[in-house]
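Protein chains in written order, with the working numbering: chain A, 273 to 530; chain B, 11 to 306.
Quick reminder that beta carbons are idealized off the backbone N, C-alpha and C, glycines included.
See structure below.
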Amino acid sequence: MSTENKEFFELLNSIANEQTFKLNLLGHEEESVVCKQLTTSQLKELIKTAVDSPLTQAAFNSTVTKIFKESLTENPGFKLNIIDRLLFILETRTHSLSPTKIVEVEGKSITISFEELKKKLKQQIKKNNNLFINSSVTEGKITISFGIPSIETEVQLNEELYKNVQFNLEDMEELRKVIGEAFINEIAKSLNTITIDDKILDLSSGTFKNRLKIVESLPASLIQKVIEYIESYKKIISDCLTIEGYTVPIDSTLFTVR
Amino acid sequence: MNFLTQLSKDTLICSELQVKDYKEILKCTFGDTPDKIIFIETVCRIFSKITNRSLEYIKQLNIIDFFCLLLDIRANSLGNCSLILTQNEQKFNLELDLIKVKQETSSLFEQLTTTIKHSNLEVSFECPSIERLMQNTKEDYLSYIKSSCITKKRKKCTAMITTNEEAELFFNALPPKISLEIIDNFNKFVESITKMNYLSRYGFYEQQLTFLPSIESLLWFAKLLFNEPLNSLYDNIFYLSYSGKMNAEYVEGLSVGEYNYFVGLLRQVLASKNSPGENNQDQTFEEDAGLFEEET
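See the structure below:
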């Protein structure tokens, strides 16, 4: 490559770094981060995840997490969670492609306004603030703390369990197994610490497989509290993403223009 | 006699095609699957000679200009192109007006040359050069990215994209709004070029004669435009030397028009010698290959 072109490419990259947007992270007491806009290379990576497993969405989640981290202009100083990532997805979609998308559902044309989705999410997160901050529950000597899963924990799950695994979802037996495992994984992702007497076990310090072993040994009543928590926040998110009865899928289709 | 050829950004003075170059074109397009590299190298060398421009200049011509130059050379050397078409099970002879073909093709260039602007970034999108089309590419639209310019603090920084590899690096670094516009422009161009049918002006709609911006299409048209069988050319050179007493080297240095004139003249002479009452040892020549242009 010629020297002129090298200089040009450096300038192009510097311009990309300057074209940023502010992302308000509602689960962190109105904290915000500055993100760079999506590049075409990153857009291609997202679209490639279209062949992802619809049950785990591991490839899409890993890719979008990687892009989210690359986009941050500086370290936020706190752990980012999957709601932060959802807000990033909606915001980067708006800034990098367009603020709306039209989908055809059963012959009906639905216009998705990402601004509207963000507005609904903001309102609901504010209204149900207790669901988006860490909580704890105690039974006997055991106290568990849980919250919205961090993106790091989800990366760990995808790397350890889902990477390079192909599911045959035509096979009912395998499908049942995958759904069961995905359910346990959701619970394990949400847990932060386990306290027994004065001893605190930080689950983020071990592997995801270890985390699963610990979850399996916890009393069912404690697990039930976590399930109720997950169901509550997921319902709020799902309602926010529903327009005219259509739930906007948070996957690669969000980034396709046709 | 020299002739002028008008390209998208330049006017070239061209010398006539010589028989030896004509022979090279027939050779490099010979067979069912001629080699693309040999074809391009041969034709570029001939074009460079005819136009008195460097080989680099010729290889950097966009493919539409290259095709127009090929049409002009054919039209000025051999005239229009005869085609045999079939419609409703009937055969028709059609003389394809190559100047009209050139005009239709040239008009496309304007449609596909555009500058995509977004904020302080500009991307020049243009029909690819022969050189770029010969390079491997993951996506066809990459070869259409010609240059880019960034204006920052009233200073302009320009990059000429000369390889598809550079184009890919550049494309990947672009904001998606621009890259999607590049793809849109490419799709619009493909749509307009595939709609164009050179036969529709003659009322033939079932058959398609369309030029696509690819080396394969260029090669296909070169075979159509220069369709004299190679053995016929060799035979004619032989007869012009043997019966016409013309030096073969001299024949190869003639323009194609002059060559055809002498072939015609020799045919007349041989025909008169073969007429009843004349006893000539050359009487069997008329029945042989050569001296008779074969129609395709």
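First and last residue of the uninterrupted beta strand (DSSP E) at residue i
| i | result |
| --- | --- |
| residue 409 of chain A | 407-411 |
| residue 383 of chain A | 380-385 |
| residue 169 of chain B | 165-170 |
| residue 52 of chain B | Segment 46-61 is the alpha helix (DSSP H) holding residue 52 of chain B; no beta strand (DSSP E) there. |
| residue 105 of chain B | 100-106 |
| residue 137 of chain B | Run containing residue 137 of chain B: none; DSSP gives neither H nor E here. |
| residue 127 of chain B | 124-128 |
Start and end residues, alpha helix (DSSP H) containing residue i
| i | result |
| --- | --- |
| residue 513 of chain A | Careful: residue 513 of chain A lies outside any alpha helix (DSSP H) and carries neither H nor E. |
| residue 404 of chain A | Careful: residue 404 of chain A lies outside any alpha helix (DSSP H) and carries neither H nor E. |
| residue 337 of chain A | 330-343 |
| residue 286 of chain A | 275-290 |
| residue 200 of chain B | 186-205 |
| residue 148 of chain B | No alpha helix (DSSP H) holds residue 148 of chain B; DSSP gives it neither H nor E. |
| residue 273 of chain B | 266-283 |
| residue 479 of chain A | Looking at the DSSP string, residue 479 of chain A is not in any alpha helix (DSSP H), and its letter there is neither H nor E. |
| residue 520 of chain A | Taken as a continuous stretch (DSSP letters only), residue 520 of chain A belongs to no alpha helix (DSSP H), as it is neither H nor E. |
Residues of its chain near residue i, where Cβ-Cβ distance is below 6 Å and the 5 sequence neighbours each way are ignored
| i | result |
| --- | --- |
| residue 351 of chain A | 422 |
| residue 32 of chain B | 266 |
| residue 291 of chain B | Model confidence at residue 291 of chain B stands at a pLDDT of 46, short of 50, so the residue's coordinates are unreliable; what they give is reported in the following sentence. Closer than 6 Å at the Cβ level, and outside the excluded window around residue 291 of chain B, lies no residue. |
| residue 529 of chain A | none |
| residue 303 of chain B | Residue confidence for residue 303 of chain B is low, a pLDDT of 48 falling below 50, so the modelled location carries little weight and cannot support an answer. |
Beta-carbon proximity of residue i to residue j, cut-off 9 Å
| i | j | result |
| --- | --- | --- |
| residue 484 of chain A | residue 457 of chain A | yes |
| residue 81 of chain B | residue 109 of chain B | yes |
| residue 311 of chain A | residue 169 of chain B | no |
| residue 87 of chain B | residue 267 of chain B | yes |
| residue 141 of chain B | residue 69 of chain B | yes |
| residue 57 of chain B | residue 83 of chain B | yes |
| residue 363 of chain A | residue 295 of chain A | yes |
| residue 138 of chain B | residue 44 of chain B | no |
| residue 123 of chain B | residue 78 of chain B | no |
| residue 74 of chain B | residue 119 of chain B | yes |
| residue 92 of chain B | residue 103 of chain B | yes |
| residue 411 of chain A | residue 318 of chain A | no |
| residue 321 of chain A | residue 470 of chain A | no |
| residue 221 of chain B | residue 228 of chain B | yes |
| residue 36 of chain B | residue 217 of chain B | no |
| residue 55 of chain B | residue 22 of chain B | no |
| residue 359 of chain A | residue 399 of chain A | no |
| residue 193 of chain B | residue 151 of chain B | yes |
| residue 361 of chain A | residue 526 of chain A | yes |
| residue 180 of chain B | residue 284 of chain A | yes |
Close-in-space but distant-in-sequence residues of the same chain around residue i (CB under 8 Å, 5 per side omitted)
| i | result |
| --- | --- |
| residue 292 of chain A | 306, 307, 308, 309 and 345 |
| residue 90 of chain B | 105, 106, 107 and 108 |
| residue 323 of chain A | 331 |
7 Å CB neighbourhood of residue i in its chain, flanking five on each side removed
| i | result |
| --- | --- |
| residue 157 of chain B | 134, 168, 169, 170 and 171 |
| residue 276 of chain B | 249, 250, 253, 254 and 301 |
| residue 429 of chain A | 457, 461 and 480 |
| residue 427 of chain A | 334 and 337 |
| residue 147 of chain B | 153 and 174 |
| residue 282 of chain A | none |
| residue 244 of chain B | none |
| residue 111 of chain B | 81 and 208 |
| residue 377 of chain A | 518 |
Integer Cβ distance of residue i from residue j, believed to fall under 8 Å
| i | j | result |
| --- | --- | --- |
| residue 381 of chain A | residue 374 of chain A | 6 Å |
| residue 338 of chain B | residue 214 of chain B | There is no way to answer for residue 338 of chain B, as the model of chain B reaches only from 11 to 306. |
| residue 202 of chain B | residue 121 of chain B | 6 Å |
| residue 225 of chain B | residue 143 of chain B | 5 Å |
| residue 297 of chain A | residue 303 of chain A | 5 Å |
| residue 397 of chain A | residue 419 of chain A | The pair is not a contact, with the Cβ atoms about 13 Å apart (cut-off 8 Å). |
| residue 159 of chain B | residue 132 of chain B | 5 Å |
| residue 186 of chain B | residue 473 of chain A | With a Cβ gap of about 44 Å, residue 186 of chain B and residue 473 of chain A do not count as contacting. |
| residue 383 of chain A | residue 372 of chain A | 6 Å |
| residue 393 of chain A | residue 512 of chain A | 5 Å |
| residue 416 of chain A | residue 466 of chain A | 5 Å |
Distance cut-off 8 Å: residue i Cβ against heavy atoms of the ligand NAP
| i | result |
| --- | --- |
| residue 66 of chain B | Among the components modelled here there is no ligand, and therefore nothing to report on the ligand NAP. |
Cross-chain neighbours of residue i in chain D, by beta carbon under 7 Å
| i | result |
| --- | --- |
| residue 273 of chain A | In the displayed structure, chain D is absent; the protein chains listed are A and B. |
Checklist entry - Listed in chain order, which residues of the stretch 411-433 of chain A have Cβ atoms closer than 8 Å to some Cβ of chain B? => result Here the close residues number zero.
Item to check | Residues within the stretch 175-186 of chain B neighbouring chain A, beta-carbon criterion of under 8 Å | outcome: 176, 179, 180, 181, 182, 183, 184, 185 and 186
Next on the checklist: Output needed in chain order: residues of the stretch 347-380 of chain A with a Cβ under 7 Å from some Cβ in chain B.
Outcome noted: 368 and 369
Checklist entry - Using a Cβ cut-off of 9 Å, which residues of the stretch 141-158 of chain B contact any Cβ in chain A, in chain order? => result 158
Checklist entry - the stretch 300-324 of chain A: which residues have C-beta closer than 9 Å to a C-beta of chain B, in chain order? => result 309, 310, 311, 312, 313, 314, 315 and 316
Checklist entry - If you measure beta-carbon to beta-carbon, which residues of the stretch 276-287 of chain A are closer than 8 Å to chain B? => result 276, 277, 279, 280, 281, 283, 284, 285 and 287
Checklist entry - Listed in chain order, which residues of the stretch 503-529 of chain A have Cβ atoms closer than 8 Å to some Cβ of chain B? => result Residues 529.
Next on the checklist: Output needed in chain order: residues of the stretch 114-143 of chain B with a Cβ under 9 Å from some Cβ in chain A.
Outcome noted: Against chain A - using a Cβ distance shorter than 9 Å - the residues of the stretch 114-143 of chain B are 129, 130 and 131.
Next on the checklist: Against chain A, which members of the stretch 66-86 of chain B pass a CB distance test of less than 9 Å?
Outcome noted: none
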